[in-house]
Amino acid sequence: MKTIGFIGLGRMGSGICRQLIEGGYTLTVFDINESNSSAFADKAAVASTVEEVLDASSLVFLSLPGSPQVEAIVEQYIAHGVEGKTIVDLSTSYPLSSSKLHAQVKAAGGRFADASLTGTPMHAEQGSLIVTFGGDEDTFAECKPVIDTFASRGVHYVGGPGAGNIAKLANNYLSIMYIALYSEIFPLAEKLGFDTAKLFEIIGNSGVNCPMYQSNAAKIVNKTYDPSFALDLALKDLSYVKKLFDEHQFPSFVLDGGLNLLRIGHQQGYGANDCSEMARVVRDMMGAE
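At position 191 of the sequence shown (counting the first as 1) the number is 755 in this note's numbering, and the numbers step up by one without a gap.
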């Protein structure tokens, strides 16, 4: 499989595309932002429509903001004809949407899978992402050699349609909620007059310490809020988790607090900034920002 389509050349998608090209694959690419596409003009075929990408490729990767965008393109593809085509969604999407799209594409003669990414744009540039793959096992076997090109830290088959996104949302839920905890406690300690740099050091020598703590609590203590994962993306992912709880009529006690903190951050204009700026919301409320 040498001809690959790629839709979505943002911070993650562009790095993945470069890895695929370096791996010897021929790409046809598309992005609604023409400047993103033009960056690949000397490396890949740049399509003017998403249908053109499908026509030129046997395998199409989608790297998009979320389920609404993925659903819109897959619906276009089904109408256009997906017989013999494989569509792999690399986005963090809603698992039940992924399951529905899998069934629809399969009924139309194609294959669909969700292959969620764990990592940062830097990992994408380095080809060192982690991928959790949900779908049919034969589709996984077909796609794994291609995905290996940009996922040196592991490509995991985790189950049927939607399972890749369940694994990713579980990971993101825990990651985001850790940051929400740091965002509450350090501003409180600061408001109480405690030396938060000292507190950071003490906690860093306890069982609470972990890479997530070292990278994100430090941003909050130092008020740097270095960009890594946007607050609005965190809000989207936790909203998907909340929807899963609601679908099954389960309560979500801890999740609701994190969601509210993110919602206020969005309303205050922090959505495009790092999700560690949840701490600014708390500081605002305490009159300490």
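Using N, Cα and C, we set each Cβ at its ideal position, and we do this for glycine too.
Contact check, residue i vs residue j, beta carbons under 8 Å
i	j	result
residue 838	residue 809	no
residue 743	residue 786	no
residue 573	residue 713	no
residue 829	residue 818	no
residue 749	residue 822	no
residue 747	residue 816	no
residue 751	residue 827	no
residue 672	residue 642	yes
Euclidean distance between Cα positions of residue i and residue j
i	j	result
residue 586	residue 580	10 Å
residue 635	residue 771	42 Å
residue 728	residue 853	39 Å
residue 784	residue 649	46 Å
residue 717	residue 682	10 Å
residue 619	residue 612	12 Å
residue 782	residue 655	28 Å
residue 831	residue 691	35 Å
residue 591	residue 631	24 Å
residue 644	residue 610	19 Å
residue 702	residue 763	51 Å
residue 773	residue 804	28 Å
residue 813	residue 622	40 Å
residue 652	residue 589	16 Å
residue 766	residue 851	26 Å
residue 754	residue 849	13 Å
residue 670	residue 640	15 Å
residue 675	residue 693	23 Å
residue 820	residue 776	21 Å
residue 825	residue 647	45 Å
residue 715	residue 761	36 Å
residue 599	residue 807	35 Å
residue 833	residue 788	17 Å
Opening and closing residue of the alpha helix (DSSP H) in which residue i lies
i	result
residue 622	First-last for residue 622: undefined, no H or E at that position.
residue 650	No alpha helix (DSSP H) contains residue 650, which is instead part of the beta strand (DSSP E) from 650 to 653.
residue 795	795 to 811
residue 723	No alpha helix (DSSP H) holds residue 723; the beta strand (DSSP E) holding it covers 719 to 723.
residue 826	817 to 831
residue 711	701 to 711
residue 596	Residue 596 -> no alpha helix (DSSP H), and no H or E assigned at all.
residue 760	760 to 768
residue 851	Premise fails: residue 851 is in no alpha helix (DSSP H) and is neither H nor E.
residue 750	727 to 755
residue 771	Unbroken run through residue 771: none, as it is neither H nor E.
residue 645	Where residue 645 is concerned, there is no enclosing alpha helix (DSSP H), given that its DSSP letter is neither H nor E.
residue 841	No alpha helix (DSSP H) contains residue 841, which DSSP labels as neither H nor E.
residue 781	From DSSP, residue 781 is part of no alpha helix (DSSP H); its letter is neither H nor E.
Closest Cα partner of residue i within the set the options
i	options	result
residue 696	804, 676, 588 and 731	731
residue 677	584, 743, 593 and 698	698
residue 689	578, 680, 822 and 789	578
residue 707	571, 679 and 662	679
residue 567	617, 669 and 606	617
residue 657	827, 798 and 754	798
residue 582	596, 597 and 601	601
The ligand HEM heavy atom lying under 7 Å from the CB of residue i
i	result
residue 695	You won't find the ligand HEM in this model; it holds no ligand whatsoever.
Cβ distance (whole Å) where residue i is taken to contact residue j below 8 Å
i	j	result
residue 624	residue 571	7 Å
residue 796	residue 836	7 Å
residue 638	residue 660	No, residue 638 and residue 660 are not in contact; Cβ-Cβ is about 14 Å, not under 8 Å.
residue 575	residue 709	No, residue 575 and residue 709 are not in contact; Cβ-Cβ is about 25 Å, not under 8 Å.
residue 604	residue 593	5 Å
residue 721	residue 802	That belief does not hold up - the Cβ atoms of residue 721 and residue 802 are roughly 26 Å apart, past 8 Å.
residue 725	residue 663	4 Å
Extent of the continuous beta strand (DSSP E) to which residue i belongs
i	result
residue 682	675 to 682
residue 695	694 to 698
residue 835	Counting along the chain, residue 835 falls outside any beta strand (DSSP E), and DSSP gives it neither H nor E.
residue 569	567 to 571
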